[in-house]
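Data block below; observations after.
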Amino acid sequence: MMSESILEIKDVSKAISKKQIIHNVSLEVKPGEVVGLLGPNGAGKTTILKMIVGFYSVGEGEIYIDGINIASNKEKCLEKIGAIIESPDLYDNMTGLGNLKFCARFYSHVNSSRIQEAVELVGLTKSINQKVKTYSLGMKQRLGIAQAILHEPKLLILDEPTNGLDPEGIYELRNYIHTLTRKGISVLISSHLLSEMQIICDRVAIIQEGKLIDIIKVTTISDLDLSINKVTYQLWDKDSAEKAKKILREHNMKIHINDRDKLITIEINHLSEILKLNNLFHKVKIQFIQVSIQKENLEEKFMDIVKNKAGIQ
Numbered sequence: 001m002m003s004e005s006i007l008e009i010k011d012v013s014k015a016i017s018k019k020q021i022i023h024n025v026s027l028e029v030k031p032g033e034v035v036g037l038l039g040p041n042g043a044g045k046t047t048i049l050k051m052i053v054g055f056y057s058v059g060e061g062e063i064y065i066d067g068i069n070i071a072s073n074k075e076k077c078l079e080k081i082g083a084i085i086e087s088p089d090l091y092d093n094m095t096g097l098g099n100l101k102f103c104a105r106f107y108s109h110v111n112s113s114r115i116q117e118a119v120e121l122v123g124l125t126k127s128i129n130q131k132v133k134t135y136s137l138g139m140k141q142r143l144g145i146a147q148a149i150l151h152e153p154k155l156l157i158l159d160e161p162t163n164g165l166d167p168e169g170i171y172e173l174r175n176y177i178h179t180l181t182r183k184g185i186s187v188l189i190s191s192h193l194l195s196e197m198q199i200i201c202d203r204v205a206i207i208q209e210g211k212l213i214d215i216i217k218v219t220t221i222s223d224l225d226l227s228i229n230k231v232t233y234q235l236w237d238k239d240s241a242e243k244a245k246k247i248l249r250e251h252n253m254k255i256h257i258n259d260r261d262k263l264i265t266i267e268i269n270h271l272s273e274i275l276k277l278n279n280l281f282h283k284v285k286i287q288f289i290q291v292s293i294q295k296e297n298l299e300e301k302f303m304d305i306v307k308n309k310a311g312i313q
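Just so we're aligned, residue 1 is where the sequence shown starts under the working numbering, counting upward by one.
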């Protein structure tokens with residue numbers, strides 16, 4: 001009988017060196033789904049992933065891979081998993097293709113056509129014969145994914161895969177991950193950055209101090225009250241400050257005023273709005289001395305909202 005979930009974590013707890021790291025976590029990942037584990041560094045995300053891939057034994061509870069209990073048949077479960085934990089294991093002085101051929105030796109059924117298919121899936125066809133030391137960080141990440149999917153697993157585990165990637169690299173990674181899900185591969189990703197989870201995942205599981213706080217659909221995150229940025233203008237004189245207050249209120253903008261220092265802080269959603277504000281001030285001859293930008297910690301604010309909803313202090 002086929003399981004409805006590729007991954008099922010049931011009431012799992014884990015202690016390491018007598019310290020309780022994971023507390024009664026339950027989670028499932030369905031076929032073709034991308035699920036994120038979101039939490040600050042030290043929340044327990046990597047510990048959960050290491051139990052799934054068999055690096056750590058399960059303390060209490062059960063983990064099933066495609067309906068098979070990892071505690072009773074670890075070898076069979078690992079055949080169904082591909083993983084990058086912490087960073088891809090690559091040889092810099094070998095070519096990308098050389099790395100994949102070396103990895104393929106561990107799987108009797110992986111042939112040259114399967115290697116080529118994995119290369120195409122992650123978009124490395126043009127650079128696969130270059131040495132890995134010439135690769136960008138994003139290319140190394142994609143080569144690591146190609147390694148992880150060589151044996152055609154049903155579940156791909158990625159631990160902080162966007163670390164060090166620029167925005168373009170993150171979007172490329174998202175596109176290749178979605179290509180994999182269209183092939184029926186499920187993906188479980190850990191990250192401490194909400195903005196990246198929104199780009200890549202279908203659902204996000206919130207982990208805090210080893211506890212599962214909530215599981216949220218990515219489509220509902222945008223409904224939460226999350227202010228992304230604030231910009232503060234120091235105005236030239238009192239007259240400029242008064243004119244700025246008047247025009248900003250006319251435009252229904254959220255503002256905070258410090259009259260003594262002639263400071264006005266404006267809440268914005270995108271940094272591109274600063275250019276519009278500058279043009280607006282210039283048009284009505286409002287003079288300012290300097291502009292400073294504050295980027296709120298989106299992840300902390302998100303965590304606070306989720307914990308408040310769940311009634312957690």
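Even glycine gets a Cβ: it sits at the ideal position worked out from N, Cα and C.
Owing to the predicted nature of the structure, the values given are computational and were not obtained by experimental measurement.
Notebook entry, point to check: With Gly-96 and Leu-143 assumed to form a contact (beta carbons below 8 angstroms), what rounded beta-carbon distance in angstroms separates them?
Noted result: Numbered from 1 along the sequence shown, position 96 holds the residue referred to as residue 96. Numbered from 1 along the sequence shown, position 143 holds the residue referred to as residue 143. Right, their Cβ atoms sit about 5 angstroms apart.
Item to check | Residue from His-178, Ile-21, Gly-169, Lys-238 whose Cα sits closest to the Cα of Leu-137 | outcome: Working through the sequence shown from its first residue, we reach residue 137 at position 137. The shortest CA-to-CA distance from Leu-137 to any of His-178, Ile-21, Gly-169, Lys-238 is the one to Gly-169.
- [ ] Consult DSSP for Asp-239 and reduce its assignment to one of helix, strand or coil.
- [x] On the sequence shown, residue 239 is found 239 positions in, with the first residue counted as 1. In the structure shown, the three-state DSSP call for Asp-239 is helix.
| message | Using a Cβ-Cβ cutoff of less than 8 angstroms, which residues in the same chain neighbour Val-12 once the five nearest sequence positions on both sides are dropped? | response | Translated into the one-based positions of the sequence shown, residue 12 becomes position 12. Contacts found: Ile-22, Asn-24, Val-25, Ser-26, Ile-48, Met-51, Val-58, Gly-59, Glu-60, Gly-61, Glu-62, Ile-63.
Kindly confirm or deny that the region 205-213 and the region 34-45 touch, where touching means at least three C-beta pairs closer than 8 angstroms. Yes: at least three Cβ pairs fall under 8 angstroms.
Notebook entry, point to check: How many angstroms separate the CA atom of Lys-217 from the CA atom of Leu-124?
Noted result: If you number the sequence shown from 1, residue 217 lands on position 217. If you number the sequence shown from 1, residue 124 lands on position 124. Within the model, the alpha-carbon separation for Lys-217 versus Leu-124 is close to 31 angstroms.
- Message: To the nearest angstrom, how far is the alpha carbon of Val-122 from that of Ser-240?
- Response: By 1-based counting over the sequence shown, the position of residue 122 is 122. By 1-based counting over the sequence shown, the position of residue 240 is 240. Straight across, the Cα-Cα distance linking Val-122 with Ser-240 is about 54 angstroms.
**Message:** Spatial neighbours of Val-284 within its chain, please: C-beta separation below 7 angstroms, excluding the five flanking residues on both sides.
**Reply:** In the sequence shown, counting from the first residue as 1, residue 284 sits at position 284. Around Val-284: Lys-243, Ile-247.
(message) Taking the straight line between their C-alpha atoms, what separation do you get for Ile-149 and Ser-87?
(response) In the sequence shown, residue 149 corresponds to position 149, counting from 1. In the sequence shown, residue 87 corresponds to position 87, counting from 1. Their Cα atoms are separated by approximately 15 angstroms.
My parser needs the alpha helix (DSSP H) runs of 4 or more residues fully inside the region 103-139; what are they? Within the region 103-139, the complete alpha helix (DSSP H) segments at least 4 residues long are 112-121, listed from N- to C-terminus.
query: With DSSP run on the structure shown, which of helix, strand or coil describes Met-2?
result: Here residue 2 is taken as the residue at index 2 of the sequence shown, counted from 1. A caution first: Met-2 carries a pLDDT of 49, below 50, which makes its placement in the model too unreliable to give a value.
Item checked: Per-residue DSSP class, three states only, for Asn-258 -> On the sequence shown, residue 258 is found 258 positions in, with the first residue counted as 1. It is a strand residue.
Inter-residue Cα distance where the pair is Tyr-91 and Tyr-233:
Here residue 91 refers to the residue found at position 91 when the sequence shown is read from its first residue. Here residue 233 refers to the residue found at position 233 when the sequence shown is read from its first residue. Computed Cα separation, rounded: 50 angstroms.
Exercise. Does the beta-carbon of Lys-14 have 16 or more other beta-carbons within 10 angstroms, so that it is buried, or is it exposed?
Worked result: To locate residue 14, count along the sequence shown from 1; it is residue 14. When all chains shown are included, Lys-14 counts as buried.
Q) Where do the ends of the beta strand (DSSP E) carrying Gln-20 lie? A) Numbered from 1 along the sequence shown, position 20 holds the residue referred to as residue 20. Boundaries of the beta strand (DSSP E) harbouring Gln-20: 19-29, taken from the DSSP string.
Have a look at Asn-258, Ile-16, Ile-266, Glu-33 and flag the residue whose alpha-carbon is nearest the alpha-carbon of Asn-252.
-> Here residue 252 refers to the residue found at position 252 when the sequence shown is read from its first residue. Closest option to Asn-252, Cα to Cα, is Ile-266.
Under 9 angstroms between the Cβ atoms of Ile-206 and Val-187? Translated into the one-based positions of the sequence shown, residue 206 becomes position 206. Translated into the one-based positions of the sequence shown, residue 187 becomes position 187. If you check the CB distance, Ile-206 and Val-187 do not come in under 9 angstroms.
_Which same chain residues end up closer than 7 angstroms to Ala-104 when comparing Cβ atoms and leaving out the 5 residues on each side of it in sequence?_
Along the sequence shown, one-based indexing puts residue 104 at 104. Close CB contacts of Ala-104 within its chain, under the 7 angstroms cut and outside five residues either way in sequence, are with Val-110, Ile-115, Leu-150 (chain order).
### Message
Contact defined as beta carbons within less than 8 angstroms: I believe Pro-153 pairs with Ile-189. What is the distance between those atoms, to the nearest angstrom?
### Response
To locate residue 153, count along the sequence shown from 1; it is residue 153. To locate residue 189, count along the sequence shown from 1; it is residue 189. Rounded to whole angstroms, the Cβ separation of Pro-153 and Ile-189 is 15 angstroms, and the two are not in contact under 8 angstroms.
TODO: Using three-state DSSP, classify Asn-279 as helix, strand or coil.
DONE: Within the sequence shown, numbered from 1, the residue matching residue 279 stands at position 279. In the three-state scheme derived from DSSP, where H, G and I count as helix and E and B as strand, Asn-279 is classed as helix.
Who are the Cβ neighbours of Lys-133 in its own chain at under 7 angstroms, not counting the five residues just before and after it?
Stepping through the sequence shown from its first residue, residue 133 is reached at position 133. Excluding residues within five positions, the ones whose Cβ falls inside 7 angstroms are Asp-92, Asn-93.
- Can you give me the Cβ contacts of Ala-118 inside the same chain, cut-off strictly under 6 angstroms, excluding the 5 residues immediately before and after it? The residue you call residue 118 lines up with position 118 of the sequence shown. Ala-146, Ile-149, Leu-150, listed in sequence order.
* What runs of the beta strand (DSSP E), each 3 residues or longer, lie entirely inside the region 30-68? -> Taking only runs of at least 3 residues, the beta strand (DSSP E) segments lying wholly in the region 30-68 are 34-38, 60-65.
- Message: According to DSSP, simplified to helix, strand and coil, what is Ala-314?
- Response: What is shown of the chain runs 1 to 313, which leaves residue 314 out entirely.
Among Lys-245, Tyr-176, Arg-260, Val-53, nearest to Ile-199 - alpha-carbon criterion
Residue numbering aside, residue 199 sits at position 199 when the sequence shown is read from its first letter. The option with the nearest alpha carbon to Ile-199 is Tyr-176.
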